[in-house]
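According to our numbering, the sequence shown holds residues 235 to 425 in order. In this text, a Cβ means the ideal position worked out from N, Cα and C, and glycines have one as well. Since this is a predicted model, take the numbers as computed values, not measurements. Note sheet for the following structure.
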Amino acid sequence: MKIYTRTGDTGTSSLYTGDRMEKDDPTFEALGNIDECSAMIGSAIAAMPDTVELDEIREQLAIIQHTLFDVGAAVATPESTARETAKAKTRFSHDGTTALEQWIDAMDTELPTLKTFILPGGHLAGALLHMARGTCRRSERTVVPIVREGNTSEQVMIYLNRLSDYLFVASRYVNHLLESHEMPWQPHLQA
């Protein structure tokens with residue numbers, strides 16, 4: 235199978251349903267953001283030292299990358315036009331959100347309590363998870379109108395909202411395990 239099809243050379247692309255849309259349609263904006271979030275997560279995994287302490291979080295992040303493909307499939311299958319068979323194949327459940335909450339709670343018990351905002355940074359892997367969090371927030375913002383129009387499940391929006399929380403805690407957790415300092419925000423700091 236060739237990676238290029240030339241079908242998008244005119245500025246359109248197709249959804250899972252086969253419907254062709256302009257590439258600047260909000261649906262493709264959301265899909266691109268979701269894909270970028272997954273790529274950032276993959277970059278964070280690649281930046282992690284190969285230590286046993288990080289095995290569990292690496293596994294969680296890989297599951298999240300798979301789930302983001304499910305999120306993309308749900309977004310690429312407009313509920314207003316898709317056949318029931320397509321909707322059944324791409325329906326998104328809340329199970330992933332529940333797992334995120336459990337993982338957040340488990341990591342949070344091992345972290346020092348936050349007393350102020352922190353600046354994104356620390357170890358490269360932690361910093362990349364902060365970047366993934368920002369991309370996830372953008373993904374969520376671009377999914378909101380699609381949910382509002384009734385073209386994807388609100389579970390997608392809820393998952394992305396919780397995922398950004400997870401990525402924040404995961405970045406702190408990775409930095410904690412790797413003994414990388416968190417920089418607290420200093421209001422009104424001047425040079």
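- Shown here, Thr311 sits in coil according to DSSP, grouped into three states, outside any helix or strand.
- Rounded to whole angstroms, the Cβ separation of Leu265 and Ile279 is 21 Å, and the two are not in contact under 8 Å.
- A straight-line Cα-Cα distance of about 21 Å links His357 and Thr343.
- Just so you know, the alpha carbons of Met235 and His300 end up roughly 22 Å apart.
- Ranking Val390, Glu290, Thr347 by CA distance to the CA of Val408 puts Glu290 first.
- Cβ contact annotation for Phe303 (same chain, cutoff 8 Å, sequence separation greater than five): Ser272, in chain order.
- Around the beta carbon of Glu287, a 10 Å sphere encloses fewer than 16 other beta carbons of the protein chains shown; the residue is thus reported as exposed.
- Shown here for Arg292: same chain residues with a beta carbon closer than 8 Å to its own, the five before and five after excluded, namely Ile279, Met282 in chain order.
- Cα atoms of Glu416 and Asn267: separation of roughly 27 Å, rounded to the nearest angstrom.
- Around the Cβ of His328, a 10 Å sphere holds fewer than 16 other Cβ atoms; the residue is exposed.
- Taking a cut-off of 8 Å on C-beta distances, the region 336–353 does not touch the region 373–383, as fewer than three cross pairs fall below it.
- Annotation note: the region 236–311 contains the following uninterrupted alpha helix (DSSP H) runs of length 4 or greater, listed N- to C-terminal: 260–281, 289–309.
- By the 16-neighbour rule on beta-carbons within 10 angstroms, Ile237 is exposed.
- Boundaries of the alpha helix (DSSP H) around Gln389: 388–411.
- Distance between Arg371 and His364, taken at the CA atoms: about 11 Å.
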